[in-house]
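Take a look at the structure set out below.
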Amino acid sequence: MKRLTAYVSGQVQRTGYRARIIDIARALGLKGTVENLDDGRVKIMAEGDDDKLKWFEEAIDIKNTLIKVSLIEKDYSEPKGDFANFYKVVGPGETDSRLDTAADHLKELILAVNSMNNNLGGKMDVMIQKQDQMLDKQDQMLDK
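First residue of the sequence shown: 1, per the numbering used here; consecutive thereafter.
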């Protein structure tokens, strides 16, 4: 048993990174915490078996559309047994900030969907006109 303390840098806040860390840690049976730091990094403390911590160390180096880990500073120490589970530490005012951010993202999505619908509506009108022309030509052919 060991304790891993990791400081993760990159695009790791407001990306769902902590939720991913919790899922990975719980799947491995690790105990600890994950929290955002004021300097933009994420701090992870995880306790568990050496093998599982090594796998966890690799799994937290996430790079996808939203999350881009650039550096992980790691330190191993003896476990203290402070944790009953693996959970997220939420800072003061963080929930309010998240709601504001979510509202901004929702607004962007609504605008994008409306724009897409407007573009699609115009294309549908053109398609209907072409179908009408085809039907007119078919009617002319049948009349001959």
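Ideal Cβ positions, reconstructed from N, Cα and C, are used throughout, including at glycine.
The bridge partners DSSP lists for residue 17 come to none. DSSP, read as helix, strand or coil, puts residue 71 in strand. Membership of residue 59 in any beta strand (DSSP E) is not indicated; the residue belongs instead to the alpha helix (DSSP H) covering 50–59. Counting the other CB atoms within 10 Å of its CB gives residue 16 a total below 16, which places it among the exposed residues. Annotated three-state conformation of residue 8 is strand, per DSSP. Nearest neighbour of residue 38 by Cα position, chosen from 13, 95, 119 and 131, turns out to be 13. Per the Cβ contact rule, the stretch 37–53 is not in contact with the stretch 115–128 (fewer than 3 Cβ pairs under 8 angstroms). The Cβ-Cβ distance between residue 5 and residue 89 does not fall below 7 angstroms. The shortest C-alpha to C-alpha distance from residue 83 to any of 133, 75 and 26 is the one to 26. Under the three-state reduction of DSSP output, residue 3 falls in the strand class.
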